[in-house]
Each structure stands twice: as structure tokens, then as C-alpha cells.
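Just so you know, we're using this note's numbering here: the sequence shown kicks off at 297 and counts up by one.
From the three backbone atoms N, C-alpha and C, an ideal C-beta is built for every residue, glycine too.
Following: one structure in C-alpha cells, then a few remarks.
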Amino acid sequence: MFAPACLASLDYAAWAQKNQDGSWTRAAESAVANSPLIRLNPADITQFCPNYPKLAKPDRRKFWVGLISAMSKPESNFKPEATYRERFRDGKGKPVVSRGLLQISIESANQKRYDCDIRSPALLHDPVINLACGVRILSKWVSTDGVIASRNTQQHQGGGRYWSTLRAQNGKVSAIAEFTRGLPFCGPRQQQRFNGIRLRPAVRATAAK
Numbered sequence: 297m298f299a300p301a302c303l304a305s306l307d308y309a310a311w312a313q314k315n316q317d318g319s320w321t322r323a324a325e326s327a328v329a330n331s332p333l334i335r336l337n338p339a340d341i342t343q344f345c346p347n348y349p350k351l352a353k354p355d356r357r358k359f360w361v362g363l364i365s366a367m368s369k370p371e372s373n374f375k376p377e378a379t380y381r382e383r384f385r386d387g388k389g390k391p392v393v394s395r396g397l398l399q400i401s402i403e404s405a406n407q408k409r410y411d412c413d414i415r416s417p418a419l420l421h422d423p424v425i426n427l428a429c430g431v432r433i434l435s436k437w438v439s440t441d442g443v444i445a446s447r448n449t450q451q452h453q454g455g456g457r458y459w460s461t462l463r464a465q466n467g468k469v470s471a472i473a474e475f476t477r478g479l480p481f482c483g484p485r486q487q488q489r490f491n492g493i494r495l496r497p498a499v500r501a502t503a504a505k
């Protein structure tokens with residue numbers, strides 16, 4: 297369960313109580329500021345933030361950070377040390393392990409389309425590195441598909457190409473959208489609590505990873 301974002305005095309992100317010095321939010325803000333995300337207007341954006349088309353760049357940046365922070369709850373339970381052994385293997389037949397706040401594997405992180413330049417799997421447990429790479433991945437697919445989340449169960453789109461958390465059929469999108477809609481700049485309603493999210497997605501992404 298997430299504490300209401302409006303109650304956090306300095307940190308609006310979903311992980312505010314877990315990371316009380318605000319360093320994760322600052323790292324995510326820096327990564328988003330240097331990405332294409334704040335220039336994008338995805339087709340499903342008003343589901344996540346009704347006021348987004350009217351927002352100035354600083355609040356657009358905060359929206360994307362809020363979204364990413366909400367994603368990290370079902371992905372890792374806000375635990376940078378989290379790991380998950382995927383059901384598929386890499387090109388050499390070795391197990392693929394997703395790591396850190398956004399559950400990213402080194403195999404996917406270093407694909408040319410993301411180019412995160414991760415030298416060691418352990419580095420993905422560093423929140424700054426993990427979040428920066430996650431922003432690259434999210435930017436790639438939101439830019440490509442023009443949506444944040446997948447609605448079509450037959451074809452993954454947007455961030456749903458990589459994270460099953462952003463696939464509607466897995467039951468996480470509505471809770472993530474509830475959190476972001478409650479951010480003060482996204483709409484008039486106060487932030488509601490984020491309920492009923494399992495710590496692991498039901499099905500992990502395979503195509504994009």
C-alpha cells in the first residue's frame with residue numbers, strides 16, 4: 297500500500313517513505329529531464345494524468361517520475377536488491393536475471409536500442425543506474441508506439457513491451473494510473489491509496505527483453 301503522495305512534504309513519488317532522503321526521485325528527475333519523455337503526448341496520457349497536455353515541463357517531468365515510482369512497487373517492492381530469474385534464457389543459454397527497482401536484466405539493458413552500457417549485473421542494483429536505464433527503455437517504447445501501456449492482449453505496446461506491469465491484463469495498470477492521477481498537478485482529486493498489488497507480475501516480458 298502506498299502512502300498518499302499529497303502527504304509527502306518533499307517527495308511526491310510512490311517510494312517516498314522507503315527512500316526518505318529523496319535521492320531516487322532526484323535521480324529519476326535527472327534521467328527524465330535528459331530523455332524525450334517530457335516532449336511526448338501519448339494517446340493514453342489522460343488516463344494517467346488528465347491535466348498532462350496543459351502541464352509545463354517541470355510538472356511533466358514529475359509525472360513521469362511518479363509513473364516510474366509507481367511501477368517500481370509491483371516490480372521490486374521498492375527494493376534495489378531485488379532479483380528475479382526469468383523463465384527464458386539468453387542467446388548463450390544462460391539464465392536471465394532481472395534486477396533492481398525496475399527489474400532490468402543486463403542482457404536487455406545493453407541492447408543497442410537501449411544502450412544503457414551496464415558493465416556488470418551488480419550495477420543494476422544501484423538505483424541511479426537502474427532508473428536511468430529504465431527511463432531509456434520507457435522512452436524507446438512510448439516514442440515508438442505513442443502509448444504508455446498495453447491494452448491489446450494480442451500485441452504489447454508502449455512500456456508493456458518490456459514490463460508486464462504495464463499490461464492491462466495483469467491488473468497493475470489501473471492501480472498505477474490511480475496513483476498518478478492523484479498527483480496534485482494531474483487533477484483535482486486527492487491521491488488515493490495504492491491497493492492490492494502483488495509483488496511480481498503474473499507474466500514477464502519476453503519479446504522486448
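Would you list the one or two residues that DSSP bridges to residue i?
i      : result
TYR410 : Looking at the DSSP assignment, TYR410 forms no beta bridge with any residue, so it has no partner.
TYR308 : According to DSSP, which records beta bridges pairwise, TYR308 is partnered with nothing at all.
SER394 : TYR380
ASN446 : Looking at the sequence provided, one finds Ser at residue 446 rather than Asn. SER446 is bridged to ARG463.
ILE400 : ARG395
ARG335 : Paired residue(s): none; ARG335 is not in a bridge.
ARG432 : According to DSSP, ARG432 bridges with nothing at all.
ARG385 : PRO391
What residues in its chain sit with their C-beta under 6 angstroms from that of residue i, if we drop five residues either side in the sequence?
i      : result
ALA304 : Any reading at ALA304 needs caution, since the residue's pLDDT is 41, under 50, leaving its predicted position unreliable; the model's value is listed next. For ALA304, where only same-chain residues beyond five positions count, the Cβ hits under 6 angstroms are ALA312.
ASP355 : PHE481
ALA299 : Per-residue confidence for ALA299 stands at a pLDDT of 46, beneath the threshold of 50, marking its modelled position as unreliable; the derived number appears in the next sentence. So the qualifying residues of the chain are GLN313.
THR379 : VAL393 and ARG395
ILE261 : What is shown of the chain runs 297 to 505, which leaves residue 261 out entirely.
ALA498 : With a pLDDT of 33 at ALA498, under the threshold of 50, the modelled position of that residue is not reliable, and the figure given next carries that caveat. Counting only Cβ-Cβ distances below 6 angstroms, and skipping sequence neighbours, we find ASN466.
LEU363 : THR476
ALA327 : LEU427, ALA428 and VAL431
ARG402 : Rather than Arg, the amino acid found at residue 402 in this sequence is Ile. Once the five neighbours on either side are set aside, the close Cβ partners of ILE402 are ILE414 and PRO417.
SER331 : VAL431 and SER435
GLY492 : Its pLDDT being 43, under 50, GLY492 is placed unreliably by the model, and the measurement read from it follows with that caveat. Excluding sequence neighbours, GLY492 sits near nothing in its chain.
LYS353 : ILE334
Spatial neighbours of residue i within its chain, please: CB distance less than 7 angstroms, with the 5 preceding and 5 following residues excluded, ordered by chain position.
i      : result
LEU306 : GLY318
SER446 : HIS452, GLN453, GLY454, GLY456, LEU462, ARG463 and ALA464
ARG494 : Low local confidence applies: a pLDDT of 41 at ARG494 is under 50, so the model's placement there is unreliable, with the coordinate-based value given in what follows. Only PRO370 meet the Cβ criterion.
GLU377 : HIS421
ALA441 : Ala is not the amino acid found at residue 441; the sequence shown has Asp there. If we look at ASP441 and ignore the five residues flanking it on each side, its Cβ neighbours are GLN453 and GLY454.
GLU325 : ARG357 and VAL361
GLY387 : none
Determine whether the beta carbon atoms of residue i and residue j lie at a separation below 9 angstroms.
i      : j      : result
GLN399 : TRP459 : yes
PRO340 : VAL443 : It is Asp, not Pro, that sits at residue 340 in the sequence shown. In contact: ASP340 and VAL443 (Cβ atoms closer than 9 angstroms).
LEU333 : LEU434 : yes
ALA323 : ARG357 : no
ILE472 : ALA366 : yes
Note down, in chain order, each residue of its chain lying with its Cβ closer than 8 angstroms to the Cβ of residue i, except the 5 sequence neighbours on either side.
i      : result
PHE359 : PHE344, CYS345, TYR348, LEU351, THR476, LEU479, PHE481 and CYS482
CYS429 : LEU398, ILE400, ALA405, TYR410, CYS412, ILE414 and LEU420
ASN337 : TYR348 and PRO349
ALA385 : In the sequence under discussion, the amino acid at residue 385 is Arg, which differs from the Ala named in the question. PRO391 and VAL392, listed in sequence order.
SER267 : The requested residue 267 is not part of the displayed model; the chain covers only 297 to 505.
THR321 : ASP307, TYR308, ALA309, TRP311, ALA312, ASN315, VAL361 and SER365
>> Ignoring anything shorter than 4 residues, give me the alpha helix (DSSP H) runs that lie fully in the region 318-376, in order along the chain.
In response: 319-329, 341-344 and 353-372
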